[in-house]
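Q:
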Amino acid sequence: MNLNLTKITFFIMLIFSTLMSISASNWLSMWMGLELNLFSIIPILNLKSSIYSIEATMKYFLIQAFASILLLIFLINKNFFFFNNSNILIMMPLLMKLSLMPFHLWLPSMMEGLNWISCLLMMTWQKISPLIMISYLNIDKNLIFLVTLISMNSIFGLNQNSMRKILAMSSINNSTWMLFAILINNKLWMNYFLIYSMLNLLIIKILNNYNI
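According to UniProt numbering, the sequence shown holds residues 1 to 212 in order.
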């Protein structure tokens, strides 16, 4: 009973933190939403404690905390950079949070230590806030095209014998297409994300049912 109550509490916090981040009127409030999101997801990833989940959770926490520190530094000092397009610096920690090139290597190894429900959260829900924050930035189209092009190299990582790593690589590639879709139309990437999430839900349900 206590475990179920704990799960419900952290899931409510997770939903609230994401809503807080995407509905905020300024960047500092968005950052606070991201931090609340991080502190909500960590216990969820580690509800069924094992040596693998603890290692994966610690890796996720360190990466996300480092990205959050960078994001806060760039936001606070935005007006003090010596070049005009400081949005690029703000985008870097968001790419790290999304596990996009060239900050993508942590996701496959981390997902290997998680259960399927946690993997689903990592591939879907945890992308919402960073993607929406990126959509608010005025980013050079050539930069996003370059990130998309480079990220296509991760498709060569599909020669894996682990289903979790394959899905992690798929997540990286699909995230870059969402990033590219942001340039075209906000509704386009949201529709893409919705379809992608539903497909992942079906796949994870099958894998979980058959204990793959």
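Where a beta carbon is used, it is the ideal one built from N, C-alpha and C, also for glycine.
Quick one: residues in its chain with C-beta nearer than 8 Å to the C-beta of L28, no 5 flanking neighbours on either side, listed in chain order?
A: Here the set comprises L75.
Q: Whose CA, out of K127, I69, N200 and L45, lies closest to the CA of M58?
A: Nearest option by C-alpha distance: L45.
Q: In whole angstroms, give me the CA-to-CA distance for K165 and S17.
A: Approximately 27 Å between the Cα atoms of the pair.
Q: How far does the alpha helix (DSSP H) with F193 in it reach, from first residue to last?
A: N186 to N209 is the span of the alpha helix (DSSP H), which, as asked, contains F193.
Q: In terms of residue numbering, what span does the alpha helix (DSSP H) encompassing E35 cover?
A: E35 -> alpha helix (DSSP H) spans W27 to L45.
Q: If we call anything under 8 Å between Cβ atoms a contact, is L38 one with M20?
A: It is not a contact, given that the beta carbons lie outside the stated cut-off.
Q: Is it right to say K48 is buried, meaning 16 or more other beta carbons lie within 10 angstroms of its own, or is it exposed?
A: K48 is exposed by the Cβ-count criterion.
Q: Count the other CB atoms, across all protein chains shown, that sit within 10 Å of the CB of L94; report buried if there are 16 or more and exposed otherwise.
A: Flag for L94 reads buried.
Q: Using 8 Å as the threshold, is the region 192-204 in touch with the region 117-137, meaning 3 or more CB pairs across them?
A: Judged by Cβ distances under 8 Å, the region 192-204 makes contact with the region 117-137, as three or more pairs qualify.
Q: Excluding the 5 residues preceding and the 5 following L34 in the sequence, name in chain order all residues of the same chain whose CB lies nearer than 7 Å to its CB.
A: So the qualifying residues of the chain are S21, S68 and S129.
Q: Which parts of the region 46-119 are runs of the beta strand (DSSP E), unbroken and 3 residues or longer, counting only runs that do not cross its ends?
A: List check, beta strand (DSSP E) in window: nothing returned.
Q: With 16 other CB atoms within 10 Å as the buried threshold, where does I41 fall?
A: I41 comes out buried.
Q: Does S175 pass the burial test, meaning 16 or more other C-beta atoms within 10 Å, or should it be called exposed?
A: Counting Cβ neighbours within 10 Å, S175 comes out buried, since at least 16 surround it.
Q: Using the three-state DSSP reduction, which class does L137 fall into: helix, strand or coil?
A: Reduced to three states, the DSSP call for L137 is coil.
Q: Measuring CB to CB, does W116 end up less than 8 Å from L207?
A: Contact flag set, yes.
Q: In its own chain, which residues sit with a C-beta less than 7 Å from the C-beta of N53, not counting the 5 before and 5 after it?
A: Before going on, a small fix: residue 53 reads as Ser here, not Asn. Same-chain partners within the cutoff: L45, N46, G113 and L114.
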